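A short write-up of the structure that comes next.
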Amino acid sequence: MSAESNVRTLTIDGEEISARADQTILEAAREHKLAIPTLCHLDGLSEVGACRMCLVEVKGARRLLPACVTRVEEGMEVTTHNPKIDRYRTMILELFFAERNHICSICVANGNCELQSLALTLGMTHVEIPYQYPQLPVDASHPRFTVDHNRCVLCTRCVRVCSEIEGANTWGVMGRGAQSLVITDLKEPWGESETCTSCGKCVQVCPTGALFEKDRAGSKVRKQPDFLPYLRIMREGEQ
Amino acid sequence: MTDIRTLATVWLDGCSGCHMSLLDMDERLIELSSQFQLVYSPLVDRKTFPERVDVTLVEGAVASVEDLKKIRRIREHTGVLVSLGDCALTGNVSAMRNTCGPQPVMLRVYEQNVLQPQIPTEGVPALLNRVRPVHEVVPVDVYVPGCPPSADTIYRVLSELLAGHVPTLGGVAHFG
Ligand code: SF4
Ligand code: SF4
Ligand code: SF4
Ligand code: FES
């Protein structure tokens, strides 16, 4: 394959850009500093297309498409923001807030949470969908970390980092839809997990206050997910 | 004396933090008070909600039959209803009991670990089974997130209302 055929030309929000054929719309957009909101996506992890925050309009497509798992194509015309897209994104955000119990004022992630800041940047000031108030567990059995399911958005970043980067495969997802829970091993308490190495990677990549370090609770917790791309590059270099 | 408008503030199920934040506007309160007349509030004496109020700020969620009665009356007699703070907007801490209902909370507070256990029934309004954000009960015109919203945010809201705009706080203030 020639280098030529590897290049795709497309427009994003009217701006003509070229991208590699193997890039997603999200990658191409970010390379050109065009903002698309994301939640489940994290640089350095595989894509799952789970949260739908990154929905964009592609001319000719009948539905909005998730930018993080849609590859660029020649001649594509992509729109990242318009009233319809914004409405969808706000609705998805509202669902996240309504499905669990997010009480930002008493949350360890307050001021440092990707869900909270998405609500801010997308201008969501209240939730119109009725709150569900589910009864959800908090597992504090691990000596260093806690999982509070009330704040989990089921992005599966923890699952992916634990399997793809740490190789421990401690996290998994149980159940369906809004009833899903992330679980450690076969739903054993995290503290009794045989596989968890206590590396803390899942805590660092969790976008919300669902996973947190115990000794940091109550103070301003700043998570550090930026280590991933570097780690990945270093590892690939070794192979 | 042409443009004095009327302002009310109410305190439903909240911690009064939003009202504290209101007072935190400091000297800007003086500036505002020349333009707004505070006609009803926990901060003034009047006992009944006036016939007509231009702007009402509501702190707190709707948690009791009393809150419910109040907010309906307030809505009816208010021009612009402002949901002030997370309790009014989301239920916040006030709504934490919604996962279990009011009974366990009553037992915990008035019966367990108490010398003379007794659940009060007289002179106190009955609790609703579910604490609700204000907009689930009556239509709301302005939403002001924050626990509490900052004095700057409240000032901005009141200034814009005075200038004749209905402000939106999207992109300006977040929950928590
Ligand atoms: S996880 Fe984020 S959105 Fe949820 S309560 Fe905590 S700060 Fe708020
Ligand atoms: S615990 Fe955190 S990282 Fe894991 S799925 Fe929930 S929100 Fe995502
Ligand atoms: S929003 Fe926060 S400060 Fe305001 S009443 Fe509720 S808990 Fe208190
Ligand atoms: S970021 Fe694309 S679906 Fe979550």
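Read top to bottom, the protein sequences are chains A and B.
Mapping the first sequence onto my numbering, position 151 (from 1) lands on 151, and the numbers just tick up by one.
If you want my numbering, it's the position in the second sequence, counting the first as 1, plus 1000.
Note that CB positions come from ideal geometry on N, CA and C, so glycine has one too.
Predicted model, so just to flag it, every value in this text is computed and none were measured.
Here A/V78 is not near A/G49, since their CB atoms are 8 Å or more apart. At a cut-off of 7 Å, the beta-carbon of A/T38 counts as near ligand 4: some heavy atom of the ligand is closer than that. In the structure shown, the three-state DSSP call for B/T1090 is helix. Per DSSP, the continuous alpha helix (DSSP H) segment holding A/Q204 begins and ends at K201 to V205. In the displayed model, A/T125 falls within coil according to three-state DSSP, outside both helix and strand. For ligand 4, no non-hydrogen atom lies closer than 7 Å to the CB of A/G177. Note on A/A35: under 16 other CB atoms within 10 angstroms of its CB, so exposed under the neighbour-count rule. Look at the region 122-154 of chain A: the residues with a C-beta under 9 Å from a C-beta of chain B are L122, G123, M124, T125, H126, V127, E128, P130, Y131, Y133, P134, Q135, L136 and N150.
If you check each beta-carbon in the region 1083-1101 of chain B against every beta-carbon of chain A, the ones closer than 8 Å belong to S1083, D1086, L1089, T1090, G1091, N1092, V1093, A1095, M1096, N1098, T1099 and C1100. The beta carbon of B/P1145 sits closer than 8 Å to some beta carbon of chain A.
Of all residues in the region 93-111 of chain A, the ones placed with a Cβ closer than 8 Å to any Cβ belonging to chain B are F97, N101, H102, I103, C104, S105, I106, C107, N110 and G111, in chain order. Looking at the DSSP output, A/M174 bridges to A/L181.
At a cut-off of 8 Å between beta-carbon atoms, A/A119 makes contact with chain B. Between B/P1133 and B/L1161 a beta carbon distance of about 21 Å is seen, past the 8 Å cut, so the two are scored as non-contacting. Between the region 114-134 of chain A and the region 94-103 of chain A there are three or more inter-stretch CB-CB distances shorter than 8 Å, so the stretches are counted as touching. For the region 1152-1175 of chain B, the residues whose beta carbon sits under 9 Å from a beta carbon of chain A are, in order, T1168, L1169, G1170, G1171, V1172, A1173, H1174 and F1175. In the three-state scheme derived from DSSP, where H, G and I count as helix and E and B as strand, B/A1063 is classed as strand.
At a cut-off of 8 Å, the C-beta of B/H1135 has a neighbouring C-beta in chain A.
For B/L1043, DSSP assigns no beta-bridge partner whatsoever. Residue contact with chain B for A/Q116: present (Cβ-Cβ distance below 8 Å to some residue of chain B).
Note that the C-beta distance between B/H1135 and B/S1083 is below 8 Å. The DSSP-derived three-state label of A/Y131 is coil. Under DSSP, A/W190 forms no beta bridge with any residue. Sequence-distant partners of A/Y88 (beyond 5 residues in either direction) whose C-beta falls short of 7 Å from its own C-beta, in its chain, are L55 and L64.
CA-to-CA, the gap between A/K187 and A/D148 works out to about 14 Å. With 5 Å as the limit between CB and the heavy atoms of ligand 1, the residues that fall short of it are A/H102, A/C104, A/C107, A/A109, A/N110, A/C113, A/L115, A/Q116, A/R151, A/T208 and A/G209. Annotated three-state conformation of A/A168 is coil, per DSSP. Taking B/S1094 as reference, the option from B/N1129, B/A1008 and B/G1014 with the minimal CA-CA separation is B/G1014. The residue from A/N101, A/S5 and A/C202 with its alpha-carbon nearest to that of A/L136 is A/N101. Distance check between A/L211 and each of A/I233, A/C51, A/T184 and A/E192 places A/T184 closest, using alpha-carbon atoms only.
Under the DSSP assignment, A/L95 falls in the alpha helix (DSSP H) whose first and last residues are P83 to E99. By the CB criterion at 8 Å, B/Q1103 and B/Y1110 fall outside the cutoff. The Cβ-Cβ distance between B/L1012 and B/V1080 does not fall below 8 Å. A direct Cα-Cα distance of roughly 25 Å separates B/V1053 from B/G1170.
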